[in-house]
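Those protein sequence lines, which keep their order, are chains L and B. Reading the first sequence from the start, the letters are residues 713 to 1065 in the working numbering. Reading the second sequence from the start, the letters are residues 713 to 1065 in the working numbering.
2 protein chains.
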Amino acid sequence: MLFCKRVQNITTDPVYRPTSIKDIARKANVSFSTVSRALQNSPLISRRTAEKIQKIARESGYRASAVARGLVTQKTKTIGVVVTSIADPFVSEVVDGIEECCNDHGYSVILANSNADPDRERKVVQAFYERRVDGIVVTSSRVGALYIPLLSEMRVPIVLVNNQHPGEFVHSVMIENVQGSLEATNHLIQLGHRRIAYLGDRFGHQSDTERFSGYRRALDGAALPFVPELVVHGDGKSEKAIAATESLLRLKEPPTAIFCYNDMTALGVLRALQAHGLVVPTDISVVGFDDLFIASYTNPPLTTVRQPRRRMGLLAMESLLHLMSGQNPSQAITVAAELVIRESSAPPRKSPK
Amino acid sequence: MLFCKRVQNITTDPVYRPTSIKDIARKANVSFSTVSRALQNSPLISRRTAEKIQKIARESGYRASAVARGLVTQKTKTIGVVVTSIADPFVSEVVDGIEECCNDHGYSVILANSNADPDRERKVVQAFYERRVDGIVVTSSRVGALYIPLLSEMRVPIVLVNNQHPGEFVHSVMIENVQGSLEATNHLIQLGHRRIAYLGDRFGHQSDTERFSGYRRALDGAALPFVPELVVHGDGKSEKAIAATESLLRLKEPPTAIFCYNDMTALGVLRALQAHGLVVPTDISVVGFDDLFIASYTNPPLTTVRQPRRRMGLLAMESLLHLMSGQNPSQAITVAAELVIRESSAPPRKSPK
DNA sequence: CGACGTTATGCAAACGTGTGAGAAAATCCC
DNA sequence: GGGATTTTCTCACACGTTTGCATAACGTCG
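Structure representation (structure tokens):
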């Protein structure tokens, strides 16, 4: 075998090989299985030889190959993380939490963008399967329902963060949308607002449905009438929000406050209002959802509902760890949302223009 | 062997195993090496059997194990990406570009946060080595010089993005800092500013040095005097920038414009100026660097220098692909910076208060 | 009909690690 | 001192794939 290696080194390029278990077995003058055990601190090996072997291993910078180990143990100690786009500030913070937890437990994160593109999604799933990941976290504000079944086909634990499609059988970490938007809307009501608009996401997404329902419950709780014309829809991004805001401003009696599905939407709203010469919050109040980093730097700083994104990532990963160790953690973990009051919300004008 | 498997399935848990090459070999009634070749479209296999095998493989949802393949080919088709924090909007976009390129070429991204923490950095390097990644990209605005040598020890191609430590032997993708800040400063000069401050990063980082040098060259080019008191330092984040701004405002003759090391710094500056009742750009102009997403949403929208982050990630990855295929791409790729003029820069007041 | 190419397939050795079974050595007990 | 027991180590197989080499099948030609 040694000879083989030599020959290879001569005939082909002198391809570099990391030092293997055999190399140190030779140096330590024991069989390589003894080395394997010694490095795992197996009780089968005497302290003396174990220490000798460990010393040699340390000195020659030996690190066991995770791929060889993965082959025999059938555990790769990797987890796949699917995101729509890692450039999205929401998901990148969730991933930050996931990665930290992974690192602490000896797992590595394999990252894959889906771009909400079905083709890409298929490739991602394939890649995860071929890599034999031990678990999967899906973090995407708008995940295609399409590939959840594909993912589940590979018989691997899956945890979803802010799952948009209710009724799935999978495990998930979710923000308390209803409570959060209830508080946000109540905040506006307490300030004295009576005509509060809701600028939502596209229909069908669970988070939109839930945030809308919190809004409605707040209105009901204050015995305020629900005015359908005050509910408009965007797509969770700023551009569409601008158009939606303008439609609200065209109403005979425009709202005195706008509660937005998320901060990106609120950004568009702020911009549209500014373009119309309206001053926030004097003329009109705006409240967002997410508490993105940017929310405290807008003009004025945005009142919004905080999602503890990093923590959500952490929780998702902890849940996945439990699943992978065969336990059965609670199906749906929910995380409380926290209202953050800044300067974009204030009492309405006494006499509406 | 078959028998062995059975026994295992009986004695231990009926552990799920993905279908392997042997399973389809049995179904197709050929040896498993024939299957391997057939799936690689090897010319050694007749069309007829190849097609038969491929059909069976497709039907049974077979996907070759990347870990087994990696063991024999000594290529894992994975690349490690180190970032200080994936939650940083700068790096997350770079990673977005890297990931796309990876995906297109059949590579997977293993992500690791270093948090600029030496301990963590060590662990990251170890993990990458154990995983036998084929290449590494380091994307971090402030990478610890510490572990570059560690990384290079593992004999794997490395590409750095916006490397902060000049004189390394490695390959890198860099923004044209000098040109960018030259243009930014010239822009302010052309608007009529004479007292332009530079609010830099900590000393020693290459990008700070370069951006400062662009600033100086612009001054020199316009025959403006260099005033040392107009140069102050932060740490690339907003908080420190606030303090630095206040020190500038305390000067007997404060600047009429501030050129900032990056957008996060500029955010702090905007906030500090606002706190002092100064209006941007009427009272004072502010220019940033990076063109983060947030830059167009500040008040007023920020004039800044754009770094094509996504593209830089892509270029880094392409460079790495070349390196891995044995080619020797250009050592240092530089990318042009682009001045984006928004509303935070304007001519100075005629008569300085 | 046999030698000889061709072509298609199978065999077996790797890759680097984990691990059960068993051999060898050391220790203990009576 | 001999057998039982414990300790320490080695053997050999397995994980799922790639791949060089041997070989079987088959047709062709002399």
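Ideal Cβ positions, reconstructed from N, Cα and C, are used throughout, including at glycine.
Let's see if you can read the secondary structure: which residues bound the alpha helix (DSSP H) around residue i?
{"i": "Ile765(B)", "result": "759-771"}
{"i": "Tyr841(L)", "result": "830-843"}
{"i": "Ser804(B)", "result": "801-816"}
{"i": "Val981(L)", "result": "975-987"}
{"i": "Ile954(L)", "result": "950-961"}
{"i": "Tyr927(L)", "result": "918-933"}
Exposed or buried, residue i, counting other C-beta atoms within 10 Å across all chains shown (16 or more means buried)?
{"i": "Thr785(B)", "result": "exposed"}
{"i": "Pro1064(B)", "result": "Here Pro1064(B) scores only 47 on pLDDT, less than 50, and its place in the model is too uncertain to base an answer on."}
{"i": "Thr994(L)", "result": "exposed"}
{"i": "Phe938(B)", "result": "exposed"}
{"i": "Gly933(B)", "result": "exposed"}
{"i": "Ala955(B)", "result": "exposed"}
{"i": "Val991(L)", "result": "exposed"}
{"i": "Lys787(B)", "result": "exposed"}
{"i": "Ile870(B)", "result": "buried"}
{"i": "His917(L)", "result": "buried"}
{"i": "Ala987(L)", "result": "exposed"}
{"i": "Gly1038(B)", "result": "exposed"}
{"i": "Phe840(B)", "result": "buried"}
{"i": "Arg1021(L)", "result": "buried"}
{"i": "Ala935(L)", "result": "exposed"}
{"i": "Gly989(L)", "result": "exposed"}
{"i": "Asn721(L)", "result": "Only weak support exists for where Asn721(L) lies, its pLDDT of 32 falling under 50; the value from the coordinates is given anyway. Exposed, because fewer than 16 other Cβ atoms sit within 10 Å of the Cβ of Asn721(L)."}
{"i": "Asn874(L)", "result": "buried"}
{"i": "Phe1001(L)", "result": "buried"}
{"i": "Ser919(B)", "result": "buried"}
Kindly indicate the opening and closing residues of the beta strand (DSSP E) around residue i.
{"i": "Asn825(L)", "result": "820-825"}
{"i": "Val849(L)", "result": "847-851"}
{"i": "Glu1050(L)", "result": "1050-1052"}
{"i": "Met1024(B)", "result": "Run containing Met1024(B): none in the beta strand (DSSP E); it sits in the alpha helix (DSSP H), 1021-1036."}
{"i": "Ser884(B)", "result": "883-887"}
{"i": "Ser743(L)", "result": "Looking at the DSSP string, Ser743(L) is not in any beta strand (DSSP E), and its letter there is neither H nor E."}
{"i": "Leu872(L)", "result": "870-873"}
{"i": "Ala778(L)", "result": "Ala778(L) -> not in any beta strand (DSSP E); alpha helix (DSSP H) instead, spanning 778-785."}
{"i": "Phe1005(L)", "result": "Phe1005(L) -> no beta strand (DSSP E), and no H or E assigned at all."}
Only counting the same chain, and skipping five residues up and downstream in sequence, which positions put a Cβ closer than 7 Å to that of residue i?
{"i": "Tyr910(L)", "result": "Phe924, Tyr927, Leu942, Val943, Phe971"}
{"i": "Met976(B)", "result": "Gly948, Lys949, Ser950"}
{"i": "His817(B)", "result": "Leu1033"}
{"i": "Met661(B)", "result": "Examination of residue 661(B) is not possible in this model, given that chain B is present from 713 through 1065 alone."}
{"i": "Glu922(B)", "result": "Asn889, Val890"}
Below 8 Å CB to CB, which residues in the same chain sit around residue i once its five sequence neighbours on both sides are set aside?
{"i": "Arg1023(L)", "result": "Gly809, Val1047"}
{"i": "Ser997(L)", "result": "Leu900, Leu903, His905, Thr968, Ala969, Ile970, Thr1015, Ser1056, Ser1057, Ala1058, Pro1060"}
{"i": "Arg843(L)", "result": "Thr788, Thr790, Gly792, Ile822"}
{"i": "Pro1110(L)", "result": "Residue 1110(L) is absent from the structure shown; chain L starts at 713 and stops at 1065."}
{"i": "Ser777(L)", "result": "Pro730, Ser732"}
{"i": "Arg760(B)", "result": "none"}
Using a Cβ-Cβ cut-off of 6 Å (strictly less than) and excluding sequence neighbours within five positions of residue i, which residues of its own chain qualify?
{"i": "Val747(L)", "result": "Ile733, Ile736, Ala737, Ile765"}
{"i": "Leu823(B)", "result": "Val793"}
{"i": "Lys739(B)", "result": "Ile768"}
{"i": "Leu931(L)", "result": "Phe938"}
{"i": "Arg907(B)", "result": "Pro967, Thr968"}
{"i": "Gly782(L)", "result": "Thr788"}
{"i": "Arg775(B)", "result": "none"}
{"i": "Ser820(L)", "result": "Thr790"}
{"i": "Gly892(L)", "result": "Val1017, Ala1049"}
{"i": "Lys952(B)", "result": "Gly946"}
{"i": "Glu895(B)", "result": "Leu1051"}
{"i": "Met866(B)", "result": "Tyr841"}
Give me the Cβ distance between residue i and residue j, rounded to the nearest whole Å; I'm assuming they're in contact under 8 Å.
{"i": "Leu1032(B)", "j": "Val850(B)", "result": "About 11 Å; that fails the 8 Å criterion."}
{"i": "Gln1019(L)", "j": "Ala1049(L)", "result": "6 Å"}
{"i": "Glu958(B)", "j": "Ala984(B)", "result": "6 Å"}
{"i": "Val795(L)", "j": "Ser864(L)", "result": "About 18 Å; that fails the 8 Å criterion."}
{"i": "Val806(B)", "j": "Gly1025(B)", "result": "4 Å"}
{"i": "Leu862(L)", "j": "Val837(L)", "result": "5 Å"}
{"i": "Ile798(L)", "j": "Ser804(B)", "result": "5 Å"}
{"i": "Ala750(L)", "j": "Ala762(L)", "result": "4 Å"}
{"i": "Glu1030(B)", "j": "Cys813(B)", "result": "6 Å"}
Problem - At least 3 beta-carbon pairs within less than 8 Å: the region 770-777 of chain L vs the region 824-831 of chain L - result: no
Practice task
Could you say if the region 870-890 of chain L and the region 830-837 of chain L meet the contact criterion of at least three C-beta pairs nearer than 8 Å?
Solution key: no
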